[in-house]
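All remarks here apply to the structure that follows.
Protein chains: 2
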Amino acid sequence: MSSSVSPSFSALGDRAQPPTIARLMAMALENPALLSIAAGFTDNATLPVAQVEAVVRRLAQEDRSNEYLQYGSNHGRPELRRLLSQHLCALEPELDYHDVQRGCFITNGSQQALYLAMQVLCDPGDIVLVDRPSYFVFLEMLKGLGIESRSIPVDETTGLVDEEAFGKMLGAMGERGELAQVKAVYFVSYFSNPSGRSLTRDEKAAIARQLQAHQAIVPVIEDAAYRDIYYEQPWPAPSVLSMTEWAAFPRLYTSTLTKPFATGLKVGFATCSDIEWRAKMLHVKAHHDFGTANFNQRVMEAVMETGGLLEQLAVIRPAYQKKMIALDTALRDGGLPELGWTWERPAGGLYLWLRAPEGIDTSLESAFCQACVEAGVLYVPGELCFGDDAPSDTIRLSFGVLAEAQLAEAGRRFCAVAQQFAVSPNCSVKV
Amino acid sequence: MSSSVSPSFSALGDRAQPPTIARLMAMALENPALLSIAAGFTDNATLPVAQVEAVVRRLAQEDRSNEYLQYGSNHGRPELRRLLSQHLCALEPELDYHDVQRGCFITNGSQQALYLAMQVLCDPGDIVLVDRPSYFVFLEMLKGLGIESRSIPVDETTGLVDEEAFGKMLGAMGERGELAQVKAVYFVSYFSNPSGRSLTRDEKAAIARQLQAHQAIVPVIEDAAYRDIYYEQPWPAPSVLSMTEWAAFPRLYTSTLTKPFATGLKVGFATCSDIEWRAKMLHVKAHHDFGTANFNQRVMEAVMETGGLLEQLAVIRPAYQKKMIALDTALRDGGLPELGWTWERPAGGLYLWLRAPEGIDTSLESAFCQACVEAGVLYVPGELCFGDDAPSDTIRLSFGVLAEAQLAEAGRRFCAVAQQFAVSPNCSVKV
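Chains as they are written, first to last, in my numbering: chain A, 1 to 431; chain B, 1001 to 1431.
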């Protein structure tokens, strides 16, 4: 069936390249004994199998219309959008329910909302400002669309947004005539993938302040995929939707039911403050797929109607906290802090974000990364998570998938490599 | 929450417009007594509620890994791809199973495969050759992507591809230097949406022959969404995948489990002869959503493993045939042939394709269309289904959704309007 003539591709087709992470995934496949703390998958053991089964049984018994196996609407089921809007307003009482609900739409995971937003806002060559570090699938998507990403500067020690440096950066961009190319600003603001940290209210306000000061009132996209996955307390900062500093900006808030409920259902959602922007994203969605699977939406609707989402969150919050502690403890017990590695224990989410001691290169092609693979542990090199000026000394570890005992073993393997690199001058490491 | 500054949109964002059909859908909402034979939805009564419920129960009991509620892979579950490849090869024994299986991937309905194909092949300003008439959501998608569509000429009486006219058209395009802009050819070849007809082997061969004669060896996309929905016999023509006339062309065959099983699950599939083209589509899919909902794929896999797809097809084939006959009979009993309306009874699919007698304008803005809405019946104006040079005398009627009695009533209403337009000189109709 292989054809003798190759197609000619579009500019987008020419840019389409295998994800950087593909090499890592291939390594994982080649070595089944490898423990992966790379993939951002979720915990299998706590997946809501019984809930989904009960809901599907109930629908089969009670919903004689069968409509949940029929096509749904392009923007998503009204009742699910109502329930999601209520859920968001419960987290953030400052919000106007009516506005949230009016702007709400359903997508194939929040990933699709991000894609639609970029498609309707940016042409190739445009610039999007991103947090530092940022979500690497978003950064790869930007490359695929021919869009440039630029990092919002942070203090290297605290990780906090550096307002002064951001102001200077915008000023310099203005002088170079680049500000007109800036079409959006994006950040993962709650228990971030990859950093695990959350933006404070002040940090978000500072971003808005500087953009406004430089007349760059561009659309903002706040990615809140992990907001519900706090361990003990919700993160107190409000979203851009209710912050007065952001009131003049078109705002898109994206989130999802995949991480908080089931990744396998792939139901995401977003709410947009700008009617025209929302309409354009939905027109494009109609061309992608004219609506997210109606069945999955109806299942989530039924789950939420009876409080099932909150039940599931009550299960997974302590589960992820325990897993975080298992990995964190393994790394501490393995002597990583004494070797000069630094990280903070997150208050939610699925990730630890490590910085290596000076002189250790953790990048994809590094000896350290290769040694970890050989030792049977796989991580995500942090360099993938930067819009520009990527340092080569960071690492993302995910504790979502493995069980606690496996996390402990993965941590031991990682620490053994770190020990080896700290003591061996052959590895050209300063101790 | 409404913002004070409007975003600036990309070229794609600027092109994103409400679908033409939106006005029709709004009319339907305004008049709940309206019988819609417009929407291409499927039959609610025969949706496989019991099968889906049984499969989900079985998975909950037997699959202790819970992995079906976890993320899946970007290109789709291997076992589902095997089962779909076997299913296709059973329909078309000339196919090489290994080739089909190697090229297979899973999408959010076949719509997403079409979108991905266009994204990686075409830049704005490029040209895609399409069947006449063609699938109107595909045509709107092309507009959204800034791609021009040109119809493959057909004989106006028989509807068959007019090879001589196609050759002349390609020749003229070559003279105008347009052939280099032709990036793909697309057709719905089995029980077409909208025409209900299928392409013969000779018609498909003629298209390949003329493209080859004009050195336009461009990728071909065969949309086989309705291939399984034959009433009594499969359509005998093979697909482009096994036709020697198409062997030199990169080939994408798209189909779906939505129409044959459940539209609400939104699982489509495609198989591509060109490894690089397939890889590029999958790279872009990774940016869209990094994989179709794994749960839906696992459900379909479980259904197919136990012969459930064939069971469901055995239910819906006679059901759609009966519905087709109900609408067809109502139109004949209502005297439509005597008024000069023509159509053919399809051998599969969900649509009747009517041509009005000379002088009757059936377009979206026509008095006829308005009169039908007032009479309580909604159709799709055929003018939406043409890549170019759209005639204003065709109509698509869908018998997928309504029950037989409703189809009979919708047919009566339609005929009453047709009678009124045939006799009233005020409607400026020649009788």
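From the three backbone atoms N, C-alpha and C, an ideal C-beta is built for every residue, glycine too.
Predicted model only: the values in this text are computed from it and were never measured.
For the pair Gly1144 (chain B) and His283 (chain A), the CB atoms are nearer than the 8 Å cut-off. If you check each beta-carbon in the segment 1120 to 1151 of chain B against every beta-carbon of chain A, the ones closer than 8 Å belong to Val1120, Leu1121, Cys1122, Asp1123, Asp1126, Val1137, Glu1140, Met1141, Gly1144 and Leu1145. The DSSP-derived three-state label of Ile1360 (chain B) is coil. Contact check for Val401 (chain A) and Phe41 (chain A): beta-carbon distance about 5 Å, within the 8 Å limit, so the pair qualifies. According to the DSSP assignment, Glu222 (chain A) belongs to no alpha helix (DSSP H) but to the beta strand (DSSP E) extending over Val220 to Asp223.
Between the alpha carbons of Glu1053 (chain B) and Val1299 (chain B) lies a distance of about 10 Å. Counted as a single uninterrupted DSSP element, the alpha helix (DSSP H) harbouring Leu1211 (chain B) occupies residues Arg1201 to Ala1213. Asn1031 (chain B) and Ser73 (chain A) have their C-alpha atoms roughly 18 Å apart.
Between Asn44 (chain A) and Gln1061 (chain B), the CB-CB gap reaches or exceeds 8 Å. A Cβ-Cβ separation of about 5 Å places Val161 (chain A) in contact with Ala206 (chain A) under the 8 Å criterion. At a cut-off of 8 Å between beta-carbon atoms, Phe105 (chain A) makes no contact with chain B.
Less than 8 Å divides the Cβ of Trp1353 (chain B) from the Cβ of Gly1196 (chain B). Taking a beta-carbon distance threshold of 8 Å, His1214 (chain B) does not count as an interface residue toward chain A. Flagged as an interface residue toward chain A: Ser1008 (chain B), by a C-beta distance shorter than 8 Å. Taken through DSSP and simplified to helix, strand or coil, Arg132 (chain A) comes out as coil.
Here the segment 4 to 17 of chain A lies against the segment 1101 to 1121 of chain B, with 3 or more beta-carbon pairs under 8 Å apart. Fewer than three Cβ pairs drawn from the segment 303 to 312 of chain A and the segment 385 to 392 of chain A lie within less than 8 Å of each other, which leaves the two stretches out of contact. Contact of Gln1017 (chain B) with chain A by beta-carbon distance below 7 Å involves His283. If you draw a 10 Å sphere on the C-beta of Gln1112 (chain B), you find 16 or more other C-beta atoms in it, and that means buried. For Ala270 (chain A), the uninterrupted beta strand (DSSP E) run begins and ends at Val267 to Cys272, by DSSP. Taken in chain order, the unbroken stretches of beta strand (DSSP E) that lie wholly in the segment 348 to 397 of chain A and span 3 residues or more are 351 to 355. Membership of Ala22 (chain A) in the alpha helix (DSSP H) is indicated by the continuous run Ile21 to Glu30.
Distance from the Cα of Thr46 (chain A) is smallest, within the candidate group B:Arg1064, B:Glu1301 and B:Ser1036, for B:Arg1064.
Taking a beta-carbon distance threshold of 8 Å, Arg1201 (chain B) does not count as an interface residue toward chain A.
Taking a 10 Å sphere around the C-beta of Thr157 (chain A), we find fewer than 16 other C-beta atoms and assign the residue as exposed. With respect to the C-alpha of Leu1310 (chain B), the residue from B:Arg1332, B:Trp1277 and B:Ala1262 having the closest C-alpha is B:Ala1262.
Sequence-distant partners of Tyr68 (chain A) (beyond 5 residues in either direction) whose C-beta falls short of 7 Å from its own C-beta, in its chain, are Leu59, Asn294, Phe295 and Arg298. Each residue's CA atom was taken as its position, placing Val1100 (chain B) and Leu1088 (chain B) some 8 Å apart.
Arg251 (chain A) is bridged by DSSP to A:Val220. For Phe295 (chain A), the enclosing alpha helix (DSSP H) stretches over residues Asn294 to Glu305. The Cβ atoms of Asp1131 (chain B) and Val1188 (chain B) sit closer than 8 Å to each other.
Here the segment 402 to 414 of chain A makes contact with the segment 315 to 335 of chain A; the two share three or more CB pairs at distances below 8 Å. Looking at the backbone, the Cα of Arg82 (chain A) and that of Ala270 (chain A) are separated by about 12 Å. The closest CA to that of Gln181 (chain A), considering only A:Pro219, A:Ala302, A:Pro346 and A:Thr258, is found on A:Pro219.
Here Arg317 (chain A) carries a helix assignment [DSSP, helix/strand/coil]. For Trp1277 (chain B), the C-beta contacts it makes with chain A under 7 Å involve Pro7, in order along the chain.
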